[in-house]
Structures are given as C-alpha cells and as structure tokens.
Amino acid sequence: MAAETLDAVIVGAGFSGLYMLHKLRGQGLSVRAYEAGAGVGGTWFWNRYPGARVDIESQEYSYTFDDGLADEWEWSERYASQPELLRYLNHVADRFDLRKDIQLETRVESAAFDESANRWRIVTDTGDDISAKFVVMATGCLSVPQELNFEGAERFKGESYRTSSWPHEGVDFTGKRVGVIGTGSSAIQSIPEIARQAAHVTVFQRTPNYSVPAHNGPTTKEQLADWRANRKRYREEAMAQGFGVRQIDGQERMALDATPEERAAAYEDRWARGGFSLGGAFADIVLNKEANDTAAEFVAGKIRQIVKDPATAEKLTPKTYPLFTKRLCVDTGYYDTFNRENVSLVDVSADPIQNVTPDGLRTKEKEFSFDAIVYAIGFDAMTGALNKIDIAGRGGVKLKDAWAEGPRTHLGLMTAGFPNMFIVTGPGSPSVLCNMALAIEQHVEWIADCIAYMGARQIGAIEATAAAQDAWVAHVNEVANMTLYPQANSWYLGANIPGKPRVFMPYIGGFPLYKQACDAAASADYEGFALTRS
Ligand SMILES: Cc1cc2nc3c(=O)[nH]c(=O)nc-3n(C[C@H](O)[C@H](O)[C@H](O)COP(=O)(O)OP(=O)(O)OC[C@H]3O[C@@H](n4cnc5c(N)ncnc54)[C@H](O)[C@@H]3O)c2cc1C
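Read left to right, the sequence shown gives residues 87 to 620 (my numbering).
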C-alpha cells in the first residue's frame, strides 16, 4: 500500500510543471509536484552560466494563460537573461501560491502502473510513496546533461565547471587560463563573457555551429506598451508560425525563385532583425539543399567579415551539415570574441582531445595548462530524463524497453501501454523545434482538458492506441525526411549520445498542423486513444 493517495503527481517544476500544477489544482485535483532541484525554474534554475539567456524574444517566451500575470510582468531586455527568467518563474510560483504543493530536492525514482486500480505508484529518493491516478512527466527536454567521459577529468587540479549546473554564487575567471570544451548554444553564449574576464580562453571545437546575432538590448516603454496592447494577437501570430515564433515571420517565397540580389537583401534584412528571423526569409531553406546553401553562404560570409584571422574564420564555418539542421545559436558577440588577443580556437576534429591532465588537457598534438575547465557538452535530449526514471506500464513493461529502438508516442503526449501518463513536450511533439513556452502551454492545456473530460465521464484510464501511435511515429519520420534536418548529426537525432538510437525525435511538421492534430483528437472524444471506464 502506498503511504499517500493523490489525484496527480507532476515530475518537475520548470515552465511545464509550474503551469501543470496550477491547472490541475484549479480543476480541484489533489496534486504534488516533485522537483530534483533546490528551487523551481527547471532549465533556468540549473543553467546559470555567464551569458545564459533566452534565444526567443522574452515577450514571446512567456506564459499567456493569465492576463494579470502578463500585464504586471515587464521584461527588461529583448532577450531576458537567466537571472530574470528565474525571477519570473519564481514570481509565477508565488503569484499562484504553487510552492505549498511542490516538494523540492526530491527525485522521482520510479513509477509503476497498477492495472487493477488504474493508478500509478510513484516512489521518490526521499522515501515518498504515492498512489496517483495520473502522472505528468514535466521532466524537460534538456534537463539531463551529457555524461562527462573525458579520461582524467577527475584528476584535474584546477576548477571544473559544467554550464548545465553552474555554481549559484557565480565564478570569477579574472586572471585565469580557461579551457572551454564545446561550441553549442551554452558555449556560444558563455565564451564572450568568460573571455572578458579571463587571462586566456582556449575553445575546443569539434563541430562549428551556425550562430546569428541577437541584437539584444533593453526594452523600451513603447515596446512594453505595444506588447501589452497587442499581446493576444501576437500570440495568435506566433501560433500560426511553424516554429511558434512570431519573430521568424516565415515567408512562402522560395529562395531559388529569387535573384541573388533579392536573396542577399532578404538575408541582410533578417540578419539586421536578429535572432531566428533568418530562418523565415524563404520557405525552401530547410527543404532544399541548394536553397539552404544560399543562406549558409550568407552566414559564412558574415563569419569571414567579422573574424579577422582567415584561418580562424574558416574553422568557425560549418561545412558538414546544412544551416538550421542543428539548433541555430543566437549570440551576443560570439564571432567577434575570436578577434581578441586572449582567445584561441582548437579544432578537435583535426587534433582530438586525448585526455584531461592534472594541469589541463592534452590533444593529440599539444599540451594545454589551465586554471579552469568549462564543459559545455550538451544534453541527453528529449528522452534522457524519462529514461532515468524506472517507469513500468501495463504488464510491467519498462518504458526504456518500449523505447529501445527510439521513443514512440502518440502526439508526443502519451505512449501506448502507459495509461494515464502524460508527457509535456515529449518526443513526437514540436517541443525543441518550437518556442517552448508556447508549446508547453498548449500541452498543459490539452492534458488538463483531457483529465477534466475523464473526470466528467468517470473514465478510469486513457492511453494511446498502438495503431494511432504507429501512424503518428510514421508521420513524424515522414515529415522529418522531407526536410534537410536528418542530414545533421544533431541531438535532435540523439547523435551526441553514444549508443542512442538514431531517430528524429521532435515533430517538424510545424506547430499549427500539430495543434490541429491535437485538437482534432480531443474534439473527436480522444480518437486515437483508448478510454476505459472506472
Ligand atoms: C541552456 C538552455 C537554454 C535554453 N534556451 C531556450 C530558449 O531560448 N528558448 C526555448 O524555447 N527553449 C529554450 N530551452 C529549452 C528549455 O528547456 C525550455 O524552454 C523550458 O524551460 C522547459 O521547461 P520544462 O519545465 O519543460 O523543463 P525543464 O525546465 O528542463 O524542467 C524540468 C525539471 O524537471 C526536473 N526533473 C527531471 N527529472 C526529475 C525527476 N526524476 N524527479 C524530480 N525532478 C525531475 C529537473 O530537475 C528540472 O528542473 C533551453 C534549454 C537549455 C538547457
């Protein structure tokens, strides 16, 4: 017998878990959220590295479910920094009195479905043992860091840091020789900041990433007033964009139908607007390699323009995958940082890292001495956090086994054989290929509506049917294969994690189509899902 009975357990108290808790509690359910961290905020609690900030305009990366919240909160910058994002999420927790139902510093270790009762048994590392009708995995797409598997890392005598679990008190690199391993989004955001302090920064790059300027700055009174006046329309406009980002302003015109001058003008305009807007210049950029090359060449030209040393510019220019097929980075002064005297770049695809030494790091050709090493090596994306929980569904089948060949879901929301277990932004949903604040709100609302529907009809269990799941997985793959995305060895495909099945995990069919599919299922009495009476 479980020690305690609740209607629902939520795992995680980031953007997803906070809103899920608010929604379900508002529907009269008894709910508890468990959070492994010592505070709420998820991504923005953990990732406190210097330069961490949102890559979608702050106003778009916000909750819209409550007018009072939206009206009272004023973002101070176009792209909010991590401390401000964390303040916002703490404000949400306080404003809606969420903390009383959140248990921090508690990791959910297992969840097992009891078929005779249609309930989940959830056990935590602090000994909590709960019986709940529903479990909502709000565990995050990017919450489990890639394992640190550099030989000798533990013998390094200097300071070691990971961008994904940065010390809360911050780090002073003044006068230090710093090695930064990785050139993904976290590295691209932090390197300019670290370089401003450190005596020297050596960046170890395996694969260069494309990055575009954010053009960040303080928000003006006029911008805030405009946002307040047009908030609802702007969110609708964002929801009509494939990536859920209004700023992308996607055009239907094809790059290959435009003249070189028209293309150049469009790309320059988008570069000047900043952020992801480059991606919206033409409709065929992610569909056609020739079209993609025109945009990729434009960015390569920018890198050559900004970075003074031609050899460094060459190393920083991606060559092995199409633009956008790895997450585009949005930076503040990244390429320019390589013009500093105190920054150097090592291409580890040509000169691989052999091991970490007590004094620094050794590549095949060279020995480096450091006072500090920063690991910015990415995440076990989309499935990492789910696979860390021992989840057993119908017949004791483990989620890990059900997903051995890659994750399988219907709409990214549920998995066949795991009744009453919902996933927020699960694999098979737009998730990381979307403005996640918007994707999260849509998922949370769909799940809350589904639970309300069940309550009103005495339905004991809901689960994805195998047929609907098979069809959805086939569709997710089909649309991914229509694009250039599978051509990159990206974390979208699990390519950064040794042994992870190579499956394109997020849904690239676009947010509008996706939402249509979710709404259609709900309004057809959850077609594609099997419902069992209590
Ligand atoms: C560095 C970084 C920058 C990002 N920037 C952007 C951006 O600019 N725009 C954007 O749209 N998205 C961005 N993302 C994605 C970001 O994760 C989402 O936008 C959003 O914050 C996800 O919220 P979430 O609540 O779903 O997940 P998270 O914020 O990841 O929260 C999940 C929480 O669940 C907890 N948890 C996991 N497993 C367990 C368990 N077993 N027991 C208890 N607790 C558990 C974790 O500790 C974590 O706090 C970024 C991600 C990272 C890592």
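All residues carry an ideal CB built from backbone N, CA and C; glycine is no exception. These numbers come from a predicted model, not from an experiment.
Contact between the stretch 330 to 343 and the stretch 153 to 163 is not established, with fewer than three Cβ pairs separated by less than 8 Å. Going by DSSP, Y147 is part of no beta strand (DSSP E) at all; its letter is neither H nor E. At least one heavy atom of ligand 1 falls within 7 Å of the beta-carbon of T225.
For C415, the uninterrupted beta strand (DSSP E) segment begins and ends at 415 to 417. For E347, the uninterrupted alpha helix (DSSP H) segment begins and ends at 346 to 359.
Linking E245 to I459 through their CA atoms gives a straight-line distance of about 6 Å. Just so you know, the alpha carbons of E191 and A122 end up roughly 5 Å apart. Taking C-beta atoms as the reference points, V257 and V287 fail to come closer than 8 Å. Around the beta carbon of T511, a 10 Å sphere encloses 16 or more other beta carbons of the protein chains shown; the residue is thus reported as buried. Assignment of P231 by DSSP, reduced to helix, strand and coil, places it in the strand class. In this structure, the alpha-carbon of H301 lies about 11 Å from that of R356. Beta-bridge partners of Y600 (DSSP): none assigned.
In the DSSP assignment, N473 falls within the alpha helix (DSSP H) that extends over 470 to 474.
Per DSSP, reduced to three states, the secondary structure at W558 is helical.
The three-state reading of DSSP puts I537 in helix, counting H, G and I together.
Not one heavy atom of ligand 1 lies closer than 7 Å to the C-beta of F182.
For F362, the closest of R426, D437, C415, P404 by C-alpha to C-alpha distance is C415. With 16 or more other CB atoms across the displayed protein chains lying within 10 angstroms of its CB, R413 is buried. Annotated three-state conformation of F454 is strand, per DSSP. The criterion of a C-beta distance shorter than 8 Å is not satisfied by I548 and R619.
If you compare the alpha carbons of D433, M500, N582 with that of A552, the shortest gap goes to M500.
K586 and G580 have their C-alpha atoms some 6 Å from each other. In the structure shown, N378 adopts helical secondary structure according to DSSP, grouped into three states.
Per the C-alpha coordinates, the member of S144, V530, P572, D556 positioned closest to R332 is S144. Closest option to Y120, judged by alpha-carbon separation, among V518, V140, L184: L184.
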